[in-house]
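Residue numbers (my numbering), protein chains in the order written: chain A, 1 to 299; chain B, 1001 to 1276. Using N, Cα and C, we set each Cβ at its ideal position, and we do this for glycine too.
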Amino acid sequence: MENLRLDFLYQLMLTGLIIGTLYGVVGMSFVLIYKASKVINMAQGEFLLIGAWICWYFLIEYQLPFWIGFPLTLIVMMVFGIVLQVVVLRPLIGEPIISVIMVTIGLSIVFQALMKWLFGVSPQPYPQIFASPTVDVLGAQIRTVYVLSIVVSLVIVGGFAWFFKFSKMGLAMRATAFDQQAAQSLGVSVKSVFAMSWAISAMVSSVAGIVVGVVNSVSSDLSFFGIKVFPAVILGGLDSIIGAVVGGIIIGLLEHFAVYVDLYAGIGNLQQIVPFYVLVIILMIKPYGLFGTRDIERV
Amino acid sequence: MTAAMAEGAAETAPPLLSVNNIEVVYNDVILVLRGLSLEVPKGEIIALLGANGAGKSTTLKAISGLLKTEDGEVTRGSISYDGETINGLDPGAIVRKGIFQVMEGRRIIQDMTAHENLRLGAHTRRDRAGIAADIERVYAYFPRLKERTGLAGYLSGGEQQMLAIGRALMAKPKLILMDEPSMGLSPLLVREVFGIIEQLNRDLGITILLVEQNARMALEAASYGYIMENGKVVLDGTAEQLKSNEDVKEFYLGGGGGERRSFKNLKSFKRRKRWL
Ligand SMILES: Nc1ncnc2c1ncn2[C@@H]1O[C@H](COP(=O)(O)OP(=O)(O)O)[C@@H](O)[C@H]1O
Ligand SMILES: [Mg+2]
């Protein structure tokens, strides 16, 4: 009996780590937009939702195999991010940041409604993608999609590191984040930096949306997953990409540990609340997060 | 005599850059430049001098297109470079044409390394091999930068100025607009930086429009100078003419007689004796 519960804890923590990495990945894409343009994107959760529906549509309606439908979704999301930036956000450059944030709240509501209108209100499961739904990881049964998820997450984190260190666009984005006018004096187009940040953000978020969709089926609950990213990025520091990953993992582990505690405490739904307790505590004791830059309050 | 000769030369070869009677307005209301004209002949170092707030940086931003980023606009006149009108273009397009502004305060990207800052300077270029070779060339000019592998924010003021100049070179500019390179540097470093500016001009043939508060150093390096006040050129001439001009001596070269006036006296004196 005792032993069984430790097994359960191990399995929970492993799942927490994987889910946490997903929070981290979505967190990174959130921070990316914030760093480039100081916009807090309240529609980040809807990026997951849209990505998951588009991939679902490719797999169900067009009967595409996952390995085609998945990359195709990423391309569609990239285009979606660019169009969104160019059509909705670019005209707002120069407006007060708070108005832009209000617009993203509006976007989130519009996207929610649009998805319900296009795909209906009932949750839709993904087709069976993997030959066996779970695999054995050092004694714990882990869903195959989670294994894929952690691999894809690591590739994304590595990709980000490479992109910001070595690519021309990555350098331009960092320069823009640090000093927009100085970047422009070097010939960097701030317009393309902003468009790129939304494109990458939408694309990366949709990966998380697809993974969670495969596990739980696609429904508007997905944007709630996106909301958990707030505690993660606040914990890590709003303007730190590494912070987002670390914050995401901590939140993932904590909420899954909460499930274990709940087993004994019997509070019920502790998992749902824990991230937001963390959010409040962090805001009280360490408002810049673990890796955040102090002067971000000047914004 | 010399001015006449310069004019004769200007007629045969049009200047690389000419600013014709421009008017600049910020936020649609604040009129800062009121009919400013100047010419920068190819291969020269031209000084643009004037007190704080005269509109020197605004002039450079009008040329480089950065005015747009501050809600400023050229509302009258024109700026032509290499035979083309360039006012209204994006800063990126202007960098691609070969004009590069080294902004006041150096504006190094502090959370990047020196090497990354240099790569950033080549943002408008596509030739990978050429970029790598040019980074080495910049290091040859500024060996100290190569030793610094940490973040550029930790470099000294002098090193940051050298990095800013090195970063400009990475764009392969024909014309560099240099805004107060001596700002905040010790006299020894100022000398070193000016030495570098003259060397770039001599060895690489880069034309330089040099904005300075340090008129003495600037007129040593430059062949010709303009003096601005209140958004206008109030005096121009060869460096020699300006250096021997009594008013310039009094205002910019630190008083002819050597006796110090108090700041208060100097101010009222200035008010009485402005050029316009
Ligand atoms: N972005 C701006 N918006 C409004 N006014 C400005 C701006 N930049 C400069 N000015 C004003 O224009 C005048 C000239 O400034 P500037 O060109 O920076 O002078 P200088 O470089 O000669 O010290 C100053 O009065 C300054 O207050
Ligand atoms: Mg200035």
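Classify residue 267 (chain A) as buried or exposed, calling it buried when 16 or more other Cβ atoms lie within 10 Å of its own Cβ.
-> exposed
In chain order, what residues of the same chain have a beta carbon less than 6 angstroms from the beta carbon of residue 1122 (chain B), not counting five sequence neighbours either side?
-> 1131, 1170
Whole runs of the beta strand (DSSP E) within the stretch 1094 to 1131 of chain B, excluding any shorter than 3 residues | 1099 to 1102
Run through DSSP, which three-state label would residue 1037 (chain B) get?
-> strand
Cβ-Cβ distance between residue 168 (chain A) and residue 1137 (chain B) below 9 angstroms | no
Confirm the yes/no value for this check: CB of residue 1104 (chain B), any heavy atom of ligand 1, distance under 8 angstroms.
-> yes
Is the shortest distance between the beta-carbon of residue 91 (chain A) and the beta-carbons of chain B less than 9 angstroms?
-> It does not: the Cβ of residue 91 (chain A) has no partner Cβ on chain B nearer than 9 angstroms.
Rounded C-alpha distance that separates residue 1048 (chain B) from residue 1219 (chain B) | Residue 1048 (chain B) and residue 1219 (chain B) have their C-alpha atoms some 10 angstroms from each other.
Please decide whether residue 1234 (chain B) counts as near chain A, where near means a Cβ-Cβ distance under 9 angstroms.
-> no
Based on the DSSP output, what are the partners of residue 1078 (chain B) in its beta bridges?
-> B:1020
Does the stretch 134 to 145 of chain A come close enough to the stretch 110 to 125 of chain A to have 3 or more Cβ pairs within less than 8 angstroms?
-> no
Reducing DSSP to helix, strand and coil, say where residue 1225 (chain B) ends up.
-> For residue 1225 (chain B), the three-state secondary structure derived from DSSP is strand.
DSSP three-state call for residue 11 (chain A): helix, strand or coil?
-> helix
Determine the contact status of residue 29 (chain A) and residue 200 (chain A), defining contact as a CB-CB distance below 9 angstroms.
-> yes
Ordered list of alpha helix (DSSP H) runs contained in the stretch 177 to 220 of chain A, each at least 4 residues = 180 to 185, 190 to 216
According to a CB-to-CB cut-off of less than 7 angstroms, which residues of the stretch 188 to 213 of chain A neighbour chain B?
-> If the cut-off is 7 angstroms between Cβ atoms, the stretch 188 to 213 of chain A has 188, 189 near chain B.
Return the residue from the list B:1172, B:1209, B:1156, B:1174 that minimises the CA-CA distance to residue 1184 (chain B).
-> B:1156
May I ask you to list the residues that DSSP assigns as paired with residue 1073 (chain B)?
-> B:1025
From what residue to what residue does the alpha helix (DSSP H) around residue 265 (chain A) run?
-> Its alpha helix (DSSP H) spans residues 241 to 265.
In chain A, which residues lie with their C-beta within 9 angstroms of the C-beta of residue 1057 (chain B)?
-> Residues of chain A passing the Cβ test: none, with the nearest at roughly 12 angstroms.
Residue 178 (chain A) CB to nearest chain B CB: under 9 angstroms?
-> Residue-level contact check: residue 178 (chain A) touches chain B, since one or more beta carbons of chain B fall below 9 angstroms from its beta carbon.
Report the residue ranges of all beta strand (DSSP E) runs contained in full by the stretch 113 to 151 of chain A; include only those spanning at least 3 residues, in chain order.
-> 134 to 137, 140 to 143
What residues from chain A crowd round residue 1066 (chain B), counting only those whose CB sits closer than 9 angstroms?
-> 181, 184, 185
Return yes when the C-beta of residue 1172 (chain B) is under 8 angstroms from any heavy atom of ligand 1, and no when it is not.
-> no
Distance, residue 1037 (chain B) Cα to residue 1020 (chain B) Cα | 5 angstroms
Interfacial residues, the stretch 236 to 263 of chain A to chain B, with Cβ spacing under 9 angstroms | none
Start and end residues, alpha helix (DSSP H) containing residue 1178 (chain B) | That residue, residue 1178 (chain B), is in no alpha helix (DSSP H); its beta strand (DSSP E) goes 1175 to 1179.
Flag residue 172 (chain A) as yes if its beta-carbon sits less than 9 angstroms from any beta-carbon of chain B, otherwise no.
-> yes
If you draw a straight line from the C-alpha of residue 1143 (chain B) to the C-alpha of residue 1198 (chain B), how long is it?
-> 18 angstroms
From B:1056, B:1250, B:1190, B:1066, residue whose alpha carbon lies closest to that of residue 1179 (chain B) | B:1056
What residue range is occupied by the uninterrupted beta strand (DSSP E) comprising residue 1047 (chain B)?
-> Counted as a single uninterrupted DSSP element, the beta strand (DSSP E) harbouring residue 1047 (chain B) occupies residues 1045 to 1050.
Count the other CB atoms, across all protein chains shown, that sit within 10 Å of the CB of residue 286 (chain A); report buried if there are 16 or more and exposed otherwise.
-> exposed
Does any CB atom of chain B fall closer than 9 angstroms to the CB of residue 168 (chain A)?
-> yes
For residue 207 (chain A), does the count of other Cβ atoms within 10 angstroms reach 16, so buried, or fall short, so exposed?
-> buried
Inspect the beta-carbon positions of residue 47 (chain A) and residue 248 (chain A) and report whether they are closer than 9 angstroms.
-> Contact: no.
Which one or two residues does DSSP pair with residue 1212 (chain B) in a beta bridge?
-> In DSSP, residue 1212 (chain B) forms a bridge with B:1049.
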